[in-house]
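One structure below.
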Amino acid sequence: MMRESLGIFRTAIFAGILIAIAGYGFLACKVVGMFLFILGLAAVVSYKLKLFTGTVGFVDMKEIPSLLVILLGNILGCFLVSFIAKVDAAVDVQGAAVDILQSRLALGWWVCALKAIGCGILMSVAVHFARKGKEFGHWVPLLFAVPLFIHCGFPHCVADAFYFLACPSSVLMENGWELLCVYVSIVIGNSVGCNLYRWILPTKNCE
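Numbered according to our numbering, the sequence shown spans residues 35 to 241.
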């Protein structure tokens, strides 16, 4: 059991690293990065890594405890990449990250939770079809889902973890508890959105 959890944790860290790198590209240039972000999720699906939003909509009740391990691993992966943002003087990644953090705080926790549901829906659609096979048609939803959730400003709990961690420490300390509430609401919203198809659609349509 412990060995299995460690294996999940390792793949979750790598998934977090990939999403954080994709987020780094988005912060560096939002227009181009919105489309380059696709690579992060595509790599996660191809490597069969454990990403919270790619897992929470496909687990049984008995697997729910492993979701915390996955989320913590994803956040640790984001934390590792955030060090680059803090020392990169060539691109104002920190400034862009602060803008996102402030926009989330301005929305408030309940609006972030509602918008995060939209991201969860799109992530489950993208991952569901991408897992079906290697044909190009199976990957089309992923190609559209990622730019769509970014364009709509739907929060993604792993990407947002990187954006928040890429901010200066003083900003994080200043907004500590409020930011934590917003982040938890995003995780909950993503989880609801990822599972919405299972609660609404007939079982045969979810296979």
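The beta-carbon is built from N, C-alpha and C at its ideal position, and this holds for glycine as well.
Computed from a predicted structure; not experimentally measured.
The Cβ atoms of Asn-224 and Gly-154 sit closer than 8 Å to each other. Each residue's CA atom was taken as its position, placing Val-90 and Cys-63 some 29 Å apart. DSSP assignment within the region 168–220 yields the following whole alpha helix (DSSP H) runs of 4 residues or more, N-terminal first: 170–185, 191–199, 203–208.
Here the alpha carbons of Gly-142 and Gln-136 stand approximately 10 Å from one another.
Residue Tyr-197 holds the alpha-carbon nearest to the alpha-carbon of Gly-129 among Leu-73, Val-66, Tyr-197.
Bounds of the alpha helix (DSSP H) holding Glu-38 are 36–62.
With respect to Gly-50, Val-192 sits close: the two C-beta atoms are nearer than 8 Å. DSSP, read as helix, strand or coil, puts Arg-165 in coil.
Burial check for Gly-167: the Cβ neighbour count within 10 Å stays below 16, so the residue is exposed. Looking at the backbone, the Cα of Ile-151 and that of Phe-183 are separated by about 10 Å. The distance from the Cβ of Ala-119 to that of Tyr-58 is about 7 Å, consistent with a contact at the 8 Å cut-off. Taking C-alpha positions only, Val-145 is separated from Thr-45 by approximately 31 Å. Burial is judged here by how many other beta carbons sit within 10 angstroms of a residue's own beta carbon; Arg-138 has at least 16 and is buried.
Inter-residue distance for Leu-70 and Val-161 is about 17 Å (C-alpha atoms, whole angstroms).
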